[in-house]
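The sequence shown stops at residue 140 when you use our numbering, and every number in between is there.
Worksheet for the structure shown next.
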Amino acid sequence: CMWANAKRFEVIKDELRRGLENSKKMSPYARAMERMSHLLQKRVWSTDRLLYELSLPTMDLDAVAEHAKEMLARTHMEGFVHGNADANMARACLEQVSRALKSFPLPDTEREVQEIVKLNAGLLFADQHTNADDLNH
Numbered sequence: 004c005m006w007a008n009a010k011r012f013e014v015i016k017d018e019l020r021r022g023l024e025n026s027k028k029m030s031p032y033a034r035a036m037e038r039m040s041h042l043l044q045k046r047v048w049s050t051d052r053l054l055y056e057l058s059l060p061t062m063d064l065d066a067v068a069e070h071a072k073e074m075l076a077r078t079h080m081e082g083f084v085h086g087n088a089d090a091n092m093a094r095a096c097l098e099q100v101s102r103a104l105k106s107f108p109l110p111d112t113e114r115e116v117q118e119i120v121k122l123n124a125g126l127l128f129a130d131q132h133t134n135a136d137d138l139n140h
């Protein structure tokens, strides 16, 4: 990767790993709120899954740069322009951003639709406690 520093990447990766490991030591209430947010979101990775991904030998700067390039190439953009801009100017701005990202439009079938998820009463969601140092569990 030409634009980033490998040593800085390793420092950031280590800070992220330590932060994820420390998040296991949060209070039970904070962990419950985190779990509730995971249940309500469509796609989210657990702390354990993120730690696993960080531990892989293939998790290096070049892999992250390649993944970022792939993600930006498949981007759905929506814009809101107001003020003195007309519809043509707004379209031109979005096209310019799209060209700068070298992206192409995402098909309707691949777009994420925002949804509201309702958890029915009576459902039980339980997680295994992963903090061995916590004597309360």
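From the three backbone atoms N, C-alpha and C, an ideal C-beta is built for every residue, glycine too.
Here the structure is a predicted model, which means the values were calculated and not measured.
Count the other CB atoms, across all protein chains shown, that sit within 10 Å of the CB of residue i; report buried if there are 16 or more and exposed otherwise.
i   : result
R34 : buried
Is residue i helix, strand or coil when you go by DSSP?
i    : result
R77  : strand
F107 : strand
V84  : coil
R153 : This structure gives no information on residue 153, because the portion of the chain shown stretches from 4 to 140.
A7   : coil
S49  : coil
P60  : coil
Indicate whether residue i and residue j have their beta-carbon atoms separated by less than 8 Å.
i   : j    : result
L64 : E24  : no
L59 : K16  : no
A2  : F107 : No answer is possible for residue 2: it lies beyond the span of the chain, which begins at 4 and ends at 140.
M74 : S101 : no
I'd like the list of long-range same chain contacts for residue i, defined as Cβ closer than 8 Å, with 5 residues on each side in sequence excluded.
i   : result
S49 : H41
A7  : L64 and A68
Take residue i and list the residues in its own chain whose beta-carbon comes closer than 6 Å to its own, dropping the five residues that flank it on each side.
i   : result
M92 : none
Keeping to the same chain, check which residues put their C-beta closer than 7 Å to that of residue i; ignore five residues upstream and five downstream.
i   : result
R46 : none
L19 : L57
S26 : T50
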